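Remarks on the structure that follows.
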Amino acid sequence: MQDFLIQNGGIIWRLVVALLLGMLIGAERVFAHKEAGMGTHAMVAMGSALFVIVSEILTQKYAGVSSLDPSKIASQIVVGIGFLGAGTIIVHGGKLSGLTTAGGLWVTAGIGTAAGFGLLILASISTVLVLLVIIIINMLEKPLRRRIDNRDSSRVIRDGGDS
Numbered sequence: 003m004q005d006f007l008i009q010n011g012g013i014i015w016r017l018v019v020a021l022l023l024g025m026l027i028g029a030e031r032v033f034a035h036k037e038a039g040m041g042t043h044a045m046v047a048m049g050s051a052l053f054v055i056v057s058e059i060l061t062q063k064y065a066g067v068s069s070l071d072p073s074k075i076a077s078q079i080v081v082g083i084g085f086l087g088a089g090t091i092i093v094h095g096g097k098l099s100g101l102t103t104a105g106g107l108w109v110t111a112g113i114g115t116a117a118g119f120g121l122l123i124l125a126s127i128s129t130v131l132v133l134l135v136i137i138i139i140n141m142l143e144k145p146l147r148r149r150i151d152n153r154d155s156s157r158v159i160r161d162g163g164d165s
C-alpha cells in the first residue's frame, strides 16, 4: 500500500484536489438551497479528473496503437456532463430553474478535468472565479429579482389578476 501511494502520489493528489474544489462549489450551492450540492459537485469534479487520468495512462500504455485515441475520453466528459446538467433544468409555471446548477456542474467538470491533467493552479483559480461569480451574481440578482417580483405582483393586483 505504501509503495502504491508513493508511486501514485501525484495521481491521488489530483483526485483529492478535484474532489475538494468540487466540494467548495457544492457548498455554495447548499447555502443557496439547491439540490445539487457538495456530493454532486465533488463527484463530478473527481469523476472528470479520474477520466482524464485514465486517458493519460491509456495514452502512455498504448502509445504505438494508431487507432486508439484516449483523448476522446476527456472530450466525452463535456457531453456527459451536458446531459447531467440538462436534467437539473426544470420549467415550472413558465419559469426556468436549475440553470446555474447546470452551469455549475459543467464548469465543475472542467475544473476536475484540469485537476486530472495536473493543472492544479488552473483548477484552483477556476474554482475561486466560479465561487466569486455565483456569490456576487446572487448578491446582485436578489434585490433586482425582488423589485421585478414586487412590480409584477402589484401589476397583477392592479389589473385584477387577468393578463
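Take 3 as the starting number for the sequence shown in the working numbering and just add one per residue. Each residue gets a CB set at the ideal place from its N, CA and C atoms; glycine is no exception. Bear in mind the structure is a predicted one, so any value in this text is a computation, not a measurement.
{"query": "Contact between the region 105–116 and the region 34–54 (3+ Cβ pairs under 8 Å)", "result": "yes"}
{"query": "Of the listed residues 55, 106, 87, 89, nearest to residue 120 (C-alpha basis)", "result": "55"}
{"query": "Under 9 Å between C-beta atoms of residue 37 and residue 136", "result": "no"}
{"query": "Beta-carbon gap between residue 86 and residue 70 smaller than 9 Å", "result": "no"}
{"query": "Residue 105 versus residue 16 - alpha carbon distance", "result": "22 Å"}
{"query": "Paired residues, beta bridge with residue 94 - DSSP", "result": "97"}
{"query": "Environment of residue 27 [buried if 16+ CB atoms lie within 10 Å]", "result": "buried"}
{"query": "Residue 13 to residue 62 span [Cα, whole Å]", "result": "14 Å"}
{"query": "Nearest candidate by alpha-carbon position, reference residue 33, set 103, 78, 67, 8", "result": "103"}
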